[in-house]
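**Student:**
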Amino acid sequence: MTASDRTGGRRTPAAPPRDAFAGIRVADFAWVGVGPLTSKYLADHGAEVIRLESRTRPEALRRAPPFAGGQPGQDRSGYYANFNSSKLGAGLNMSHPRAVELAKRVIAGCDVVTESFTPKAMRAWGLTYEALREVRPDVIMISMPLYGATGPWSMYQGYGHVLQAASGINHMTGYRDGEPIGTGIAYTDFFVPHLAAAALIAALDHRERTGEGQHIDFGQMEAAIYATETMMLDYTVNGREQRRDGNRHPQGAPHGAFRCAPRGDDDDRWIAVACFDDGEWAALCGVLGVEGLCADPRFATPEGRKRHEDALEAAVGARTRGWQAEELMARLQAAGVPAGVAQTCEDLRADAQLAHRGHYWLLDHPEMGRCAYDGPSFRLSRTPGRLSKAAPLLGADNEYVYRDLVGLSEQEFIELLAGGAFD
Amino acid sequence: MIAAAHTHAGDVPAPGALAPFRVLDLTNELGQLCGRVLADLGADVIKVEPPGGDPSRWIAPFYRDEPHPERSLHWWMFNANKRGITLDLTHDDGRALFLELVRRSDFVLETSPPGAMAALGLGYDDLAAVRPSLVMTSITPFGQDGPYAQWKASDLIGAAMGGQIMLNGELGREPLRPTMSQAYAHAAIQAAVGTLIAHFHRTRSGEGQHVDASLEEAAATWLDNAAPFWDLVRVNLPRPGNGRSTGGRLSGKYVYEAADGYVAALSYGGLFGLNARQTIAWLDAHGAAADLASEEWLEKLDASRGVRPPLSDADAHHLVEVLEAFCRRLPRAQLMREAQAIRNGWAPVHTPRDLLEHEHLRARDYWTEVAHPELGASFVYPGPWARLGATPIALRRRAPLIGEHNDEVLGALLGLDEARLEALAAADVIERRGGGA
């Protein structure tokens, strides 16, 4: 079992459980969000994932805040660290004359190759799937550019903030009459890696049973469209273009976030409430002490509550304002009303349920000290996974990768090191 | 009505990766995308519903806006590629048949409240007793145990509790979820990953296991850099509205009105950032750079010279005004094409119609036509979310009608004869072709 410590996270246990991906090795050329989050699943479940990076073209997230102690540094970004738990780090400068040869020698010892460049990069280096099969016939390669390997947009670049716009998510996110603002984050970076990982693990399973490797062309946009629920079918079937409508739901009311009382000097406290039937509505009125509202004929049926939603929301919001969000949540849940505090990241670290599940892992990093990492959101009863180490320092595992795995002689290793091959 | 370039469901070149495996899918809207992912990867996914059909068949919108359990587009979207049977699991015969199916299956997916399956005698231990190698995945709002385990949650509650909505919307106004279920989608696709990890372990070891997936926890893992911001520098990132958070500060604006819609105008390093010189030259070529084409402004904006100090509010406001005027003059496609030519990763804000007509998705044969023979019609669905070279994803069939495959599953797979099926239908344990459109 794992031990909690005072900051509400858990530590890597001394006696490791069995790892689902023990013995699987990954050459991870991917960077920023999608690729590293895809390979994080493998690393956190026991695969040996080697991040291949270059300080001459640094991984963007190593230069992105937040930094430990607020002090920038290539080995100090929490943004990078959180996506790269349990991985090894090796340097590979692709402009070095022997870089492609070294890459192939690393890949020869790997089961999986991941990359997320626009398709021209791996082609330019001659590291296509066809070429990699020559050095590793059963290799599984997943390429994860924004728009896929082929097609007129395949060479376009961007990242999660703009891909959510291209994928239809912005169109469906915002206030009713406001701009299509999207989700506030680089959203698709956090949606599509799960589908990429599902495809990759299915391919690994197929290889385990048949011996056959393959290439996966994972166009992020094509996966991100699966975040749009019925938006596309409503158009192709009914000819209707759905639109953003804040927090509202076509079949529930009240269905929104309502302001609660300040907590100390923080007057940005909200509770989400979602009522889908008369019972939940009556229970909400009971807890809020507005039985009169419940008796109001405008609000007597789900249809009526939808029709008079502005007045309904105003009446509910007027009552929630007097409550502490956490207290109201507990009272509503006890009464059977789906309700939850709109939690901040500070709240999440104190969340009793996430603490019970041990969601955050506290890992010691040589430069950053002890930091919290997200673990997987599921618990597997036999192979639960474990965050085995903090994110790698850039090039920290060069000797292991190039001496032990690739088999370079000591002299060759030193010559390549001095020549900048691992920069 | 709407023509589209697409492939047709049924044109299947090779079996999917999970073709040898069978899944019993008991999930509601919280988990149906999990089974859809496994079905797309080739598994034989059998949706098991109570007689009368799953309540999620009543989720809007509906075909021609006619509420009907066979016409929910939500049901169609998340249950395509699955077969469907009805089975009353509160009935002894129904439970016995379910256990017979479990004996012949590899996965069970379910979303009932913690303890509900065990109360029926169908908890993980019960199922593992008849099928030790089973992977059972339970998706619930908060997980199988813990202080909130019995609490209720919908998509919005999951998104709120998991921290997502506090990162979106305008300060001073209510925090926002997307106007479509996202927390559900995350819980389901993350559970699919957990399910496949368990499956891979089974392939190598023969061992089954239980996967306990949580909606709240799934939502808590899509917060971008917000969690480390709190952890490392004790900042709760503010909701950025139509701006972006960069380093805990809000940038000016990110979505702009173009001549024919909206465009997301953002590049690595912000609106100008590393490409400031090229971006200003681009605006200048359109006569839209205002006073930005000056050494003074380059010094303020060009991050390729090193990290720039934050802009004053007046300067930031001026930049937004210049960009607003520029974007309003040009159509989205031209803005994107020209932005990409100078390595600015802009993209249009696509509407559903834009997506269906999109040249790139058409060139890749993304859209897939799916026949609904009971309606005498075919409809266009989103296509493969990954292109696996050797084991392609294919959209093989529309979502099942109520009890559509009772005969083929209970008859052919379990070997029940006609008399037995009729007796089960008479006892309301199953339904025989009940639904129909």
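Chains as they are written, first to last, in the numbering used here: chain A, 557 to 979; chain B, 3 to 439.
No residue lacks a Cβ here, since even glycine has one placed at the ideal position from N, Cα and C.
Because the structure is a prediction, the values reported are computed rather than measured.
Measuring CB atoms only, is the stretch 844–862 of chain A touching the stretch 186–202 of chain B, in the sense that at least three cross pairs come out at less than 8 angstroms?
**Tutor:** no
**Student:** Find out if the Cβ-Cβ distance for the pair Tyr916 (chain A), Ala906 (chain A) is shorter than 8 angstroms.
**Tutor:** Numbered from 1 along the first sequence, position 360 holds the residue referred to as residue 916 (chain A). Numbered from 1 along the first sequence, position 350 holds the residue referred to as residue 906 (chain A). No.
**Student:** Under three-state DSSP, which class holds Ala911 (chain A)?
**Tutor:** As a working mapping, residue 911 (chain A) is identified with position 355 in the first sequence. Of the three classes helix, strand and coil, the one that applies to Ala911 (chain A) here is helix, per DSSP.
**Student:** With 9 angstroms as the C-beta to C-beta threshold (strictly closer), list the residues of the stretch 827–851 of chain A near chain B in chain order.
**Tutor:** Ile827, Ala828, Val829, Ala830, Phe832 and Glu836
**Student:** Touch check for the stretch 281–301 of chain B and the stretch 322–331 of chain B: three-plus C-beta pairs under 8 angstroms?
**Tutor:** yes
**Student:** Under 8 angstroms: do the stretch 152–165 of chain B and the stretch 129–138 of chain B share three or more Cβ pairs, one atom per stretch?
**Tutor:** no
**Student:** Using the Cβ count rule (16 or more neighbours within 10 Å means buried), how would you classify Arg389 (chain B)?
**Tutor:** To locate residue 389 (chain B), count along the second sequence from 1; it is residue 387. Burial call: buried.
**Student:** Secondary structure at Tyr383 (chain B), three-state DSSP: helix, strand or coil?
**Tutor:** Counting from one through the second sequence, the residue named residue 383 (chain B) turns up at place 381. Note: Tyr383 (chain B) maps to strand in three-state DSSP.
**Student:** So does the stretch 766–784 of chain A actually touch the stretch 704–723 of chain A, counting three or more Cβ pairs closer than 8 angstroms?
**Tutor:** yes
**Student:** For Asn640 (chain A), does the three-state DSSP call read helix, strand or coil?
**Tutor:** The residue given as residue 640 (chain A) occupies position 84 in the first sequence. DSSP places Asn640 (chain A) in coil when its eight states are reduced to three.
**Student:** Please classify Asp920 (chain A) as buried or exposed, where buried requires at least 16 other C-beta atoms within 10 Å of its C-beta.
**Tutor:** Numbered from 1 along the first sequence, position 364 holds the residue referred to as residue 920 (chain A). So Asp920 (chain A) counts as exposed.
**Student:** I want to know whether the stretch 16–35 of chain B touches the stretch 174–189 of chain B - three or more CB-CB distances under 8 angstroms.
**Tutor:** With contact defined as three or more Cβ pairs closer than 8 angstroms, the stretch 16–35 of chain B and the stretch 174–189 of chain B are in contact.
**Student:** Using CA atoms only, rank isn't needed, just tell me which of B:Leu321, B:Leu294, B:Leu403 and B:Ala295 is closest to Tyr258 (chain B).
**Tutor:** For the purposes of this step, residue 258 (chain B) is taken as residue 256 along the second sequence, with counting starting at 1. When each option's Cα is compared against that of Tyr258 (chain B), the closest is B:Leu321.
**Student:** Are the CB atoms of Arg241 (chain B) and Glu446 (chain B) within a distance shorter than 8 angstroms?
**Tutor:** There is no way to answer for residue 446 (chain B), as the model of chain B reaches only from 3 to 439.
**Student:** What three-state label does DSSP hand His444 (chain B) in the structure shown?
**Tutor:** For residue 444 (chain B) there is no data in the structure shown, the boundaries of chain B being 3 and 439.
**Student:** Which residues in chain B have a C-beta closer than 7 angstroms to the C-beta of Gly915 (chain A)? List them in chain order.
**Tutor:** Mapped onto the first sequence, residue 915 (chain A) falls at position 359. Rather than Gly, the amino acid found at residue 915 (chain A) in this sequence is His. Going along chain B in sequence order, the residues near His915 (chain A) (Cβ under 7 angstroms) are Glu219 and Ala222.
**Student:** Tell me, please, which residues DSSP counts as bridged to Tyr258 (chain B).
**Tutor:** Locating residue 258 (chain B) in the second sequence gives position 256, where the first residue counts as 1. The partner list for Tyr258 (chain B) (beta bridge, DSSP) reads B:Val265.
**Student:** Can you tell me whether His360 (chain B) is helix, strand or coil according to DSSP?
**Tutor:** For the purposes of this step, residue 360 (chain B) is identified with residue 358 of the second sequence, where counting begins at 1. His360 (chain B): coil per DSSP, three-state reduction.
**Student:** Please confirm if the stretch 890–910 of chain A is in contact with the stretch 822–831 of chain A, defined as three or more CB-CB distances below 8 angstroms between the two stretches.
**Tutor:** yes
**Student:** Whose Cβ in chain A lies nearer than 8 angstroms to the Cβ of Ala200 (chain B)?
**Tutor:** In the second sequence, counting from the first residue as 1, residue 200 (chain B) sits at position 198. Per Cβ cutoff of 8 angstroms: Ala576, Leu936, Arg938 and Thr939.
**Student:** Following the continuous beta strand (DSSP E) through Trp826 (chain A), name the residue where it begins and the one where it ends.
**Tutor:** Reading the first sequence from its first residue, position 270 is the one you call residue 826 (chain A). Element bounds for Trp826 (chain A): Trp826 to Ala830.
**Student:** With distances taken between CB atoms, is the gap from Ala190 (chain B) to Gln807 (chain A) smaller than 8 angstroms?
**Tutor:** For the purposes of this step, residue 190 (chain B) is identified with residue 188 of the second sequence, where counting begins at 1. For the purposes of this step, residue 807 (chain A) is identified with residue 251 of the first sequence, where counting begins at 1. No, Cβ-Cβ distance for Ala190 (chain B) and Gln807 (chain A) is not below 8 angstroms.
**Student:** For Gln630 (chain A) and Arg618 (chain A), what's the separation of their Cα atoms in angstroms?
**Tutor:** Your numbering for residue 630 (chain A) matches position 74 in the first sequence. Your numbering for residue 618 (chain A) matches position 62 in the first sequence. Straight-line Cα distance between these residues: approximately 5 angstroms.
**Student:** When we look at the beta-carbon of Ile781 (chain A) and count the other beta-carbons within 10 Å, is it buried (16 or more) or exposed?
**Tutor:** Stepping through the first sequence from its first residue, residue 781 (chain A) is reached at position 225. Its Cβ being crowded by 16 or more others within 10 Å, Ile781 (chain A) is buried.
**Student:** For Pro71 (chain B), is the classification buried or exposed, using 16 other Cβ atoms within 10 angstroms of its Cβ as the cut-off for buried?
**Tutor:** In the second sequence, residue 71 (chain B) corresponds to position 69, counting from 1. Label assigned to Pro71 (chain B): buried.
**Student:** Looking at chain B, is there any beta carbon in it that lies within less than 8 angstroms of the beta carbon of Pro708 (chain A)?
**Tutor:** Residue numbering aside, residue 708 (chain A) sits at position 152 when the first sequence is read from its first letter. So, interface residue.
**Student:** Using DSSP with H/G/I as helix, E/B as strand and the rest coil, what is Glu209 (chain B)?
**Tutor:** For the purposes of this step, residue 209 (chain B) is identified with residue 207 of the second sequence, where counting begins at 1. In the structure shown, Glu209 (chain B) sits in coil (DSSP, three-state: anything other than H, G, I, E or B).
**Student:** Which two residues bound the contiguous alpha helix (DSSP H) that contains Val590 (chain A)?
**Tutor:** Residue 590 (chain A) sits at position 34 when you count from the first residue of the first sequence. Here the alpha helix (DSSP H) through Val590 (chain A) covers Val590 to Asp600.
**Student:** In the DSSP assignment, find the unbroken alpha helix (DSSP H) run with Trp369 (chain B) in it and report its ends.
**Tutor:** Start at 1 with the first residue of the second sequence, and residue 369 (chain B) comes out as number 367. Here Trp369 (chain B) belongs to no alpha helix (DSSP H), and DSSP marks it neither H nor E.
**Student:** Just checking, does the stretch 77–88 of chain B make contact with the stretch 398–409 of chain B on the three C-beta pairs under 8 angstroms criterion?
**Tutor:** Taking 8 angstroms as the limit for Cβ pairs, the verdict is that the stretch 398–409 of chain B does touch the stretch 77–88 of chain B.
**Student:** Would you be able to state if there are at least three C-beta pairs under 8 angstroms between the stretch 755–764 of chain A and the stretch 688–704 of chain A?
**Tutor:** yes
**Student:** Measuring alpha carbon to alpha carbon, tell me which residue in A:Phe585, A:Ala809, A:Tyr685 and A:Ala754 is nearest Leu868 (chain A).
**Tutor:** Here the question's residue 868 (chain A) lines up with position 312 in the first sequence. Checking every option, the nearest Cα to that of Leu868 (chain A) belongs to A:Ala809.
**Student:** Can you name the start and end residues of the alpha helix (DSSP H) that Asp834 (chain A) belongs to?
**Tutor:** Taking the first sequence and counting its residues from 1, one reaches residue 834 (chain A) at position 278. Unbroken alpha helix (DSSP H) run through Asp834 (chain A): Asp834 to Leu844.
**Student:** Tell me the DSSP secondary structure of Phe274 (chain B) in three-state form.
**Tutor:** As a position in the second sequence, residue 274 (chain B) is number 272, starting the count at 1. Coil, per DSSP.
**Student:** Measure the Cβ-Cβ separation of Leu178 (chain B) and Asn803 (chain A) and say whether it is below 8 angstroms.
**Tutor:** Within the second sequence, numbered from 1, the residue matching residue 178 (chain B) stands at position 176. Within the first sequence, numbered from 1, the residue matching residue 803 (chain A) stands at position 247. Contact check for Leu178 (chain B) against Asn803 (chain A) passes: the beta carbons are separated by less than 8 angstroms.
**Student:** With contact counted as at least three CB pairs below 8 angstroms, one residue from each stretch, are the stretch 39–51 of chain B and the stretch 113–127 of chain B in contact?
**Tutor:** no
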